[in-house]
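Chains as they are written, first to last, in the numbering used here: chain F, 6 to 205; chain U, 6 to 205.
Glycine residues also receive a C-beta, built at the ideal position from the N, C-alpha and C atoms.
Since the structure is predicted, the reported quantities are computational estimates derived from the model, not experimental observations.
Data first, discussion second: the structure below is written as structure tokens.
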């Protein structure tokens, strides 16, 4: 099992969110979806990769686009960025993970954000994505906006920090950290080596 | 042909410098080695990935180490960082590129830096690496420390900037930019697509 730590609001996480179901089928590896708030961690670290760095931001969109095409995705980029409602998007994701409908919710959020230009976490994206996962919007948003909903996201973010996570997406295999959609193959290789045990 | 823009002083460039000769043999792709000063560009952009970010720096060393093992390399990490003599290391690399001995010089510089703990650009690494490439140290250092040697590095750095380069290593295929050792496969794929022409 690989822990998939991600934050709706991260651009490169689009690639992982959209392809993880396929990877699961192709490899037999199971993923545990762990939403958290990467923005809090990045602000604490003064890690601002794009907002003040237009050349790097332009490259990032181009790189995401090229990689998306390799995965059979057709985003319309640049997507609206940064997200105004990142926390709400991820408070819902935390509930979704606890209840078992996180992949469906996250995929629809990202699809609408990256392919239809609707910011994740804001309406109409938020309610439509909850509905697309077969859930009652009112119930879910009441939970997400509660004190417990807020505390649960904070707690997940603290857990991420304790694992040394500083970016999204991150993959964790038995405590070993792999950062970036482009390290997924390395994470799977690590899992296989662990499962096969030490060489004789 | 792929342009390989790199700066001795970048940590991830170790991976590319050490494996490019193998990649060339395995793929038939030729690389044009283009040294530049990435530090100038990163300071201009206020892009400081590691110096003030210990968690990210620790991850970077671990990531470089894991990738190095995949490539059959055995670095002793963390290596001394940042380099005190980054400019001198790259002024020599510019001369080496013009004269055709850049890969040999860069590989020995990185090998001694990452595998023996001797900072690149400083003595004894600098003279030994020039010698290992079959060159006369005194002649090369006189050129490297001349006004022309300094101007040539500045000019290469301006050319990198004009291509949108902001990090090392970067691969450029007919103007298309790929940043990072982990984008080398994408750059090669891009080159193949370009060579095969548009689909009928």
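With residue 193 of chain U as the anchor, note down where its alpha helix (DSSP H) starts and where it stops. According to the DSSP assignment, residue 193 of chain U belongs to the alpha helix (DSSP H) that extends over 189–201.
Check whether residue 22 of chain F and residue 129 of chain F have beta carbons under 9 Å apart: no
Given a cut-off of 9 Å on the beta-carbon distance, is the pair residue 155 of chain U and residue 92 of chain U in contact? yes
Given that residue 131 of chain F touches chain U, what residues does it touch there, using C-beta distances under 8 Å? Neighbourhood of residue 131 of chain F in chain U, by CB distance below 8 Å: empty, with the nearest CB roughly 31 Å away.
Proximal residues to residue 121 of chain U (C-beta, below 8 Å), its chain only, five neighbours per side dropped: Within the same chain, and ignoring the five residues on either side of residue 121 of chain U in sequence, the residues whose Cβ sits closer than 8 Å to its Cβ are 81.
With DSSP collapsed to three states, give me the class of residue 25 of chain U. The three-state secondary structure of residue 25 of chain U, taken from DSSP, is helix.
Own chain partners of residue 149 of chain F with C-beta closer than 7 Å, once the 5 adjacent residues on each side are dropped: 93, 96, 97, 100
Buried or exposed: which applies to residue 30 of chain U, given that a residue is buried once 16 or more other Cβ atoms fall within 10 Å of its Cβ? Exposed, because fewer than 16 other Cβ atoms sit within 10 Å of the Cβ of residue 30 of chain U.
DSSP has residue 1 of chain F in a bridge; who is on the other side? The first residue shown for chain F is 6 and the last is 205, placing residue 1 of chain F beyond what the model contains.
Whole angstroms is fine: what's the gap from residue 144 of chain F's alpha carbon to residue 135 of chain F's? Their backbone Cα atoms lie some 10 Å apart in a straight line.
Straight-line CA distance for residue 60 of chain U to residue 190 of chain U? Their backbone Cα atoms lie some 28 Å apart in a straight line.
Can you grab the Cα-Cα spacing for the pair residue 196 of chain U / residue 72 of chain F, in whole Å? 15 Å
Return the chain-ordered ranges of every alpha helix (DSSP H) run that is complete within the region 86–139 of chain U and spans a minimum of 4 residues. 91–104, 107–115, 130–137
Output needed in chain order: residues of the region 14–42 of chain U with a Cβ under 7 Å from some Cβ in chain F. none
Enumerate in chain order the residues of its own chain whose CB-to-CB distance from residue 158 of chain F is below 8 Å, with the five nearest sequence positions on each side excluded. 40, 41, 42, 92, 95, 96, 99
Cutting at 7 Å between CB atoms, please list the residues of its own chain near residue 112 of chain F, excluding the five before and the five after it. When the five nearest sequence neighbours on each side are left out, the beta carbons in the same chain lying within less than 7 Å of the beta carbon of residue 112 of chain F are those of 22, 23, in order along the chain.
Classify residue 160 of chain U as buried or exposed, calling it buried when 16 or more other Cβ atoms lie within 10 Å of its own Cβ. Residue 160 of chain U counts as exposed, since fewer than 16 other beta carbons sit within 10 angstroms of its beta carbon.
Do residue 176 of chain U and residue 47 of chain U come within 9 Å of each other at the CB atom, strictly closer than that value? no
Mind checking residue 57 of chain F: buried by the 16 CB within 10 Å criterion, or exposed? exposed
In chain order, what residues of the same chain lie with their CB nearer than 7 Å to the CB of residue 229 of chain F, ignoring the 5 residues before and after it? Past the edges of chain F, shown from 6 to 205, lies residue 229 of chain F, and the structure says nothing about it.
Chain-ordered residues of the region 146–177 of chain F with a beta carbon less than 7 Å from chain U: 169, 171
Hey, is residue 110 of chain F close to the ligand COA, as in C-beta under 8 Å from one of its heavy atoms? This structure lacks the ligand COA, and indeed carries no ligand of any kind.
With a threshold of 16 other CB atoms inside 10 Å of the CB of residue 74 of chain U, please say whether the residue is buried or exposed. Classification for residue 74 of chain U: exposed.
Under 9 Å between C-beta atoms of residue 141 of chain U and residue 187 of chain F: no
For residue 125 of chain F and residue 102 of chain U, the rounded distance between their alpha carbons: Going from the Cα of residue 102 of chain U to the Cα of residue 125 of chain F covers about 48 Å.
Nearest to residue 12 of chain F (by Cα), restricted to the options F/180, F/202, F/107, F/123: F/107
Could you tell me the alpha carbon to alpha carbon distance between residue 45 of chain U and residue 133 of chain F, rounded to whole angstroms? Taking the straight line from one Cα to the other gives about 47 Å.
Let me make sure I understand the geometry here. Which of U/83, U/138, U/151 has the alpha-carbon closest to that of residue 209 of chain U? Chain U is shown from 6 up to 205; residue 209 of chain U falls before or after that span and cannot be answered.
Does the separation of the CB atoms of residue 20 of chain F and residue 76 of chain F fall below 9 Å? yes
Got a sec, what are the start and stop residues for the beta strand (DSSP E) residue 46 of chain F sits in? Unbroken run through residue 46 of chain F is the alpha helix (DSSP H), 43–49; no beta strand (DSSP E).
Coarse secondary structure for residue 15 of chain U, derived from DSSP in three states: Residue 15 of chain U: strand per DSSP, three-state reduction.
Would you please state the rounded distance, in angstroms, between the beta carbons of residue 34 of chain F and residue 7 of chain F? I believe it to be under 8 Å. 6 Å
Use the C-beta contact count for residue 84 of chain U: other C-beta atoms within 10 angstroms, 16 or more gives buried, fewer gives exposed. buried
Below 8 Å on the Cβ atoms is my guess for residue 78 of chain F versus residue 14 of chain F; work out the distance and round it to an integer in Å. Residue 78 of chain F to residue 14 of chain F, Cβ: 18 Å. No contact.
Assign residue 116 of chain U to buried or exposed, taking buried as 16 or more other Cβ atoms, counted over all protein chains shown, within 10 Å of its Cβ. Around the C-beta of residue 116 of chain U, 16 or more other C-beta atoms lie within 10 Å, and the residue is accordingly described as buried.
Provide the residue(s) that pair with residue 7 of chain U in DSSP beta bridges, ordered along the chain. Looking at the DSSP output, residue 7 of chain U bridges to U/36.
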